[in-house]
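For the sequence shown, full-length UniProt numbering gives the first residue as 1, with consecutive numbering after it. Beta carbons: idealized from backbone N, C-alpha and C, even for Gly. Below is one structure; the comments refer to it alone.
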Amino acid sequence: MSDDISLERIDVGEVTLNVATAGPADGKPILFLHGFPEFWYTWRHQLRYFAEQGWRAIAPDMRGYNLSDKPEAVEDYRVRHLIADIDGLASHYGTDRFALCAHDWGGACAWAYAMARPERLERLIIINAPHPATFSRELRENPDQAAASQYMRFFQTPEAETYLASDDCGKLWEFAFLGIHAKGHMDDDDRQAYLDAWRQPGAIAGGLNYYRASPLRPPAPDGSDMPAALDPENFRVRVPTLVIWGERDPALLTDNLNGLETLVDDLRILRLPKSTHWVTHEASDVINPRILRFLETGD
């Protein structure tokens, strides 16, 4: 690892996580949570940027990924365990309150954490990860979102792991990053870093277990197996929140933002019309100063 980012293994209670850190040990803490099929590396630009601004930047490999522990049971990827991992990580670094920035499945965990532990969060930053209540609504009421999410049903099957691991993980690269690699947002070194992470024993299964453990899934193509409606009052967020959304995300449509202000008490939204789902790779130069402003001023 480069001199400005360090890696260490941290026992957070139920599991041991591989964690990347940067910045002064006494800096204000900000935790970064990645989604599928990533690992701490997706936050490399944020780790360096916020370290330079004096923050203590912390980005784990989530359980199931890369060099972190990979429980085999699907049950071990339910939300209460993911909340416990965040609690354990924050406590390890001796912080009662911190900022939390998250993308994709990391964002799903962060929404849940904000509802369960609002007293621990100074600020919440969500990047292309729908609030569970709006996502449930869109899966039930928006045929376009239901169609865009059908891959989630495939990811819950035993065949998904074999398919994504085929061609020495080339199929997973195709699914996730082929497009932004072709556009120059990732280089060949980045590609190799991801292939190395996916080739860790159990890593693809670990990532897929987030989908398998989730009670929220799209309806079947014939309209059966409809997800249950969620009571918005049970999913209110009372932490100051910045949502950043790449509007060219083919999997998570911008309709997920509709009505979000009724669920989040203190909300601001940054829309990125030219970005896809992979905002951290495509637009770090835009989002980093915007996140910093939110952290420092609340604006």
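Candidates the options, of which the one nearest residue i by Cα
i: aspartate 69; options: Met186, Asp266, Asp11, Glu161; result: Asp11
i: glutamate 296; options: Leu17, Phe98, Phe175, Ala160; result: Phe98
i: serine 275; options: Arg9, Ala147, Lys183, Asn18; result: Lys183
i: serine 214; options: His81, Asp26, Ala20, Lys28; result: His81
i: glycine 88; options: Pro60, Tyr151, Pro219; result: Pro60
i: tyrosine 211; options: Gln156, Phe235, Ser6, Arg236; result: Gln156
i: glycine 23; options: Gly170, His131, Ala203, Ile58; result: Ile58
i: alanine 165; options: Ser149, Trp111, Asp196; result: Asp196
i: alanine 146; options: Asp189, Tyr93, Met226; result: Met226
i: proline 130; options: Arg140, Trp111, Val15; result: Trp111
i: glutamine 53; options: Thr162, Ser91, Ser224, Pro29; result: Pro29
i: tyrosine 151; options: Arg123, Pro240, Ala25, Leu208; result: Leu208
i: serine 224; options: Gly94, Arg191, Arg153, Asn256; result: Arg153
i: valine 15; options: Glu38, Ile126, Ser136, Gly206; result: Gly206
i: aspartate 190; options: Leu124, His45, Gly202; result: His45
i: leucine 139; options: Arg56, Phe294, Ala228, Ile125; result: Ala228
i: phenylalanine 294; options: Pro240, Tyr49, Asn256; result: Pro240
Cβ-Cβ distance between residue i and residue j below 8 Å
i: tryptophan 105; j: glycine 13; result: no
i: phenylalanine 177; j: methionine 186; result: yes
i: proline 232; j: leucine 252; result: no
i: alanine 193; j: tyrosine 77; result: no
i: asparagine 128; j: histidine 277; result: yes
i: phenylalanine 32; j: cysteine 101; result: yes
i: proline 218; j: serine 149; result: yes
i: asparagine 234; j: threonine 134; result: no
Straight-line Cα distance separating residue j from residue i
i: arginine 120; j: aspartate 96; result: 6 Å
i: leucine 292; j: aspartate 249; result: 24 Å
i: arginine 63; j: glutamine 200; result: 13 Å
i: aspartate 299; j: glutamate 159; result: 45 Å
i: arginine 117; j: glutamate 261; result: 20 Å
i: valine 243; j: asparagine 66; result: 27 Å
i: leucine 267; j: leucine 230; result: 20 Å
i: leucine 7; j: leucine 47; result: 12 Å
i: tyrosine 163; j: glycine 27; result: 43 Å
i: tryptophan 198; j: arginine 238; result: 36 Å
i: histidine 92; j: alanine 20; result: 14 Å
i: isoleucine 180; j: asparagine 288; result: 19 Å
i: alanine 283; j: glutamate 38; result: 17 Å
Heavy atom of the ligand GTP within 7 Å of residue i beta-carbon
i: leucine 272; result: Inclusion of the ligand GTP in the displayed structure is not the case, the ligand content being empty and no account of it being possible.
**Q.** Length at least 3, wholly inside the segment 52-124: the beta strand (DSSP E) runs in chain order
**A.** 56-60, 98-103
**Q.** 3 or more residues per run - each beta strand (DSSP E) lying fully within the segment 177-262
**A.** 241-246
**Q.** Runs of alpha helix (DSSP H) lying entirely within the segment 123-162, each at least 4 residues, in chain order
**A.** 132-141, 143-148, 150-155
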